[in-house]
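A.B. asks: Pasting a structure here, questions to come.
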Amino acid sequence: MANSTVQFDLTNPQHVAMRKLMADIYARHCEASESKDFNLMVKYEGMAQGLEKVALYVLVDHTLHQLCFDLSCALYAQQECLLEVAA
């Protein structure tokens, strides 16, 4: 997976707010992965995908969309790894 070259603009209040939401989703996803609650992990991945749509269609911010997409991909990859280990 390629690393993202986009960054949050911390002078932009929308970026700051989205960053907080993304951090919360990531932390909760990690907690769910520690307890191996795959249904909850999928829920948080769906929330990240929802943020992608908000960034693209509501805020029309392609930088935020890319950052949310990167989060979604990271969560999905983490789930896949855990599912492989569990199998």
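Read in order, the letters of the sequence shown correspond to residues 3 to 89 in this note's numbering.
Yeah, the Cβ is synthetic: ideal placement off N, Cα and C, and Gly gets one too.
The structure displayed is predicted, hence computed values, not measured ones.
Exposed or buried, L85, counting other C-beta atoms within 10 Å across all chains shown (16 or more means buried)?
C.D. replies: Mapped onto the sequence shown, residue 85 falls at position 83. Looking at its Cβ environment, which holds fewer than 16 other Cβ atoms inside 10 Å, L85 is exposed.
A.B. asks: Helix or strand or just coil, what does DSSP make of L12?
C.D. replies: Here residue 12 refers to the residue found at position 10 when the sequence shown is read from its first residue. L12: coil per DSSP, three-state reduction.
A.B. asks: Distance check for L77 and F71, CA to CA, integer angstroms please.
C.D. replies: Translated into positions along the sequence shown, residue 71 becomes position 69. Translated into positions along the sequence shown, residue 77 becomes position 75. Using only the alpha carbons, I get a separation of about 10 angstroms.
A.B. asks: DSSP three-state call for M3: helix, strand or coil?
C.D. replies: As a position in the sequence shown, residue 3 is number 1, starting the count at 1. Low per-residue confidence applies at M3: pLDDT is 48, beneath 50, and the placement is therefore not dependable, though the value from the model is reported in the following sentence. Coil.
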